[in-house]
Amino acid sequence: MDRSPAGSLRAALTHHLIAEGSIRDERVAMAFRAVPRHVFVPGVPLEVAYADDVVLMKRNEAGAPISSVSQPSIVALMLEQAEIRSGDRVLEIGSGGYNAALMRELAGPKGSVTTVDIDPEVTDRARAALAEAGYDDVRVVQADGEFGAPDGAPYDRIVVTVTAWDIAPAWIEQLEPDGRIVVPVRLRGQTRSIAFDKVGDHLESRSATLCGFVCMQGAGANYERLIPIAGDDVGVIFDEDQEAEAHPYDGVLEQSRLRVWSGVVMNREEPLSDLALWLASTLPGYCVLTGAEATPSGGAAAVATCDSLAYVTARPGRRKSFVELGVHGHGPDAGHLVERLVDQLRIWDAHHRYGPGPEFQAHLVGEEAPAGFRIARRHSCFTVSWAGHPGAAGS
Ligand SMILES: C[S@@+](CC[C@H](N)C(=O)[O-])C[C@H]1O[C@@H](n2cnc3c(N)ncnc32)[C@H](O)[C@@H]1O
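This is the structure we're talking about:
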């Protein structure tokens, strides 16, 4: 056992990740005990290097984070999802070195790891840190990960560590027939790390967990559209594929308000993410209201027309730490929008709240996608389906 200060902090971090449930597999725990994270975050105090927190490495000119060494609990959850076996050939998109070293431990001497980053500063830093930590057999490639790393293909596992809006064709092509890709996909304002298995020429999800990553740059960059509706700070967000959706004009929130409480009571700690995706799956005009008073920092689930807006809100429940969900509506069509949102809140509560959650498939555009709620991106079409409700409204 490594009794150095860094070794002790590493053991404590691993213990914490096991205790909170991010690490379940002893092989993943062994990798975390082995890889010296402080080498990958030079200049950072040891306590910070071994805290369960992201270490930001670079911002763009506008101040937005563009590179980091990821939070250990997210890294652990994604490695659990990836189920890397000894001997696997692994491709990582988005480098930093730390995760590549962990994957090198898991793939073992018969396996291999290639890590790709678009930013030469990142690949230089990752290469130097990997060599210093004793992982100089990790192949570090500076390229746009949208195109994978064809010269090392095929891969048994691909792990993407940057927010993606799409599944690039190269990722499917470069994956072994029974391979797995773990990718943080942003759909309707939420990012989920989804583990997809390749089945024939499409992908089927095996697990999904909420996460947050910096945005993809290069050919796969895609952004959400923020439409201001009350000055610059309050707006509604649509995905780029929702171009045809009508959006309300600036000032809609000043129109008379309608408020309906749903009777759906939740613990304050219960995540609203699956509910929000259910609403996105069933309601045309779905968007995310952001920056408005009394809405969560990640925004509130909403539906919009060209002159009206309704969004999910909450009020204290009868019991402490519980809230009741309701809907606020503004504009001439508010009554109709509020009714549709409240109906779907109640349907989700009755039929899906305690269910297995959404499942995802990804098909390349041009292939036949199954029934369900479809989100069509440039290269791939995602289908979201809910147990017992395969045919939720398509878009
Ligand atoms: C969260 S960091 C990766 C963290 C890293 N895997 C670790 O070990 O902690 C995301 C990285 O993705 C990179 N990136 C962004 N767009 C990319 C693209 N199109 N291809 C490859 N890398 C990209 C960024 O430069 C950034 O370094």
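Heads up: the sequence shown begins at 1 in full-length UniProt numbering, then just goes up one per residue.
A virtual CB, placed ideally from N, CA and C, is assigned to each residue, including glycine.
Assigned secondary structure, residue i (DSSP; H/G/I helix, E/B strand, else coil)
| i | result |
| --- | --- |
| phenylalanine 238 | strand |
| proline 72 | helix |
| glutamate 47 | helix |
| serine 395 | Low confidence applies here, because serine 395 scores a pLDDT of 30, under 50, leaving its location unreliable and the question unanswered by this model. |
| leucine 272 | coil |
| aspartate 151 | helix |
| tyrosine 98 | helix |
| glutamate 204 | strand |
| methionine 30 | helix |
| proline 65 | strand |
| methionine 103 | helix |
| glutamine 81 | helix |
| proline 177 | strand |
| valine 342 | helix |
| proline 169 | helix |
| glutamate 146 | helix |
| histidine 352 | coil |
Beta-bridge pairing of residue i - partner residues as DSSP gives them
| i | result |
| --- | --- |
| asparagine 267 | Phe322 |
| glycine 329 | Leu258 and Ala310 |
| isoleucine 347 | Answer by DSSP bridge pairing: none, since isoleucine 347 is not bridged. |
| leucine 187 | Gln190 |
| valine 156 | It is aspartate, not valine, that sits at residue 156 in the sequence shown. Paired residue(s): none; aspartate 156 is not in a bridge. |
| cysteine 215 | Thr163 |
| leucine 56 | Ser68 |
| aspartate 250 | Answer by DSSP bridge pairing: none, since aspartate 250 is not bridged. |
| histidine 364 | The identity of residue 364 in the sequence shown is leucine, whereas the question assumes histidine. Answer is Ser380, bridged to leucine 364. |
| threonine 290 | Gly235 |
| valine 182 | Val159 and Ala195 |
| threonine 209 | Ser193 |
| proline 316 | Val323 |
Cβ shell of residue i (< 7 Å), same chain only, five flanking positions each side left out
| i | result |
| --- | --- |
| arginine 24 | Glu80 |
| proline 316 | Val323 |
Opening and closing residue of the beta strand (DSSP E) in which residue i lies
| i | result |
| --- | --- |
| residue 405 | Outside the modelled stretch of the chain, which goes from 1 to 395, sits residue 405, for which no answer is possible. |
| phenylalanine 373 | 373-376 |
| arginine 139 | 139-142 |
Limits of the unbroken alpha helix (DSSP H) element including residue i
| i | result |
| --- | --- |
| threonine 123 | 120-132 |
| glutamate 92 | Counting along the chain, glutamate 92 falls outside any alpha helix (DSSP H), though it belongs to the beta strand (DSSP E) covering 89-93. |
| leucine 283 | Run containing leucine 283: none; DSSP gives neither H nor E here. |
| threonine 114 | That residue, threonine 114, is in no alpha helix (DSSP H); its beta strand (DSSP E) goes 112-117. |
| alanine 301 | Note, alanine 301: premise wrong, no alpha helix (DSSP H); beta strand (DSSP E) at 300-304. |
| serine 8 | 5-19 |
Residues near residue i by beta carbon distance below 8 Å, same chain, minus five either side
| i | result |
| --- | --- |
| methionine 1 | Gly7 and Ala11 |
| aspartate 268 | One point to set straight first is that residue 268 is arginine, not aspartate, in the sequence displayed. Answer for arginine 268: Ser321, Phe322 and Val323, listed in chain order. |
| proline 390 | Here proline 390 scores only 46 on pLDDT, less than 50, and its place in the model should not be relied on; the value that follows carries that caveat. Taken in chain order, the residues that qualify are Pro370, Ala371 and Gly372. |
Neighbourhood of residue i by C-beta distance below 6 Å, restricted to the same chain and skipping five residues each side
| i | result |
| --- | --- |
| glutamate 359 | Ser205 and Ser385 |
| serine 395 | Caution applies to serine 395, whose pLDDT of 30 falls short of 50 and renders its modelled position unreliable; the model cannot decide the point. |
Cutoff 7 Å: residue i Cβ touching any chain C Cβ
| i | result |
| --- | --- |
| valine 75 | Among the protein chains of the structure shown there is no chain C, as only one such chain exists. |
query: Does the region 215-231 come close enough to the region 141-152 to have 3 or more Cβ pairs within less than 8 Å?
result: Contact holds: three or more Cβ-Cβ distances are below 8 Å.
Stretch-stretch touch, CB-based, cutoff 8 Å, three pairs: the region 354-372 with the region 183-202: Counting C-beta pairs with one atom in each stretch, the region 354-372 and the region 183-202 have three or more that are closer than 8 Å, which means they touch.
- prompt: Does the region 161-174 come close enough to the region 253-273 that 3 or more CB-CB pairs lie under 8 Å?
  reply: No, the region 253-273 does not touch the region 161-174.
query: Between the region 97-116 and the region 250-257, are three or more C-beta pairs nearer than 8 Å?
result: Taking one beta carbon from each stretch, the region 97-116 and the region 250-257 have fewer than 3 pairs nearer than 8 Å; the two do not touch.
query: Looking at C-beta atoms only, is the number of pairs between the region 346-358 and the region 226-245 that lie closer than 8 Å three or more?
result: With the cut-off at 8 Å, the region 346-358 and the region 226-245 do not touch.
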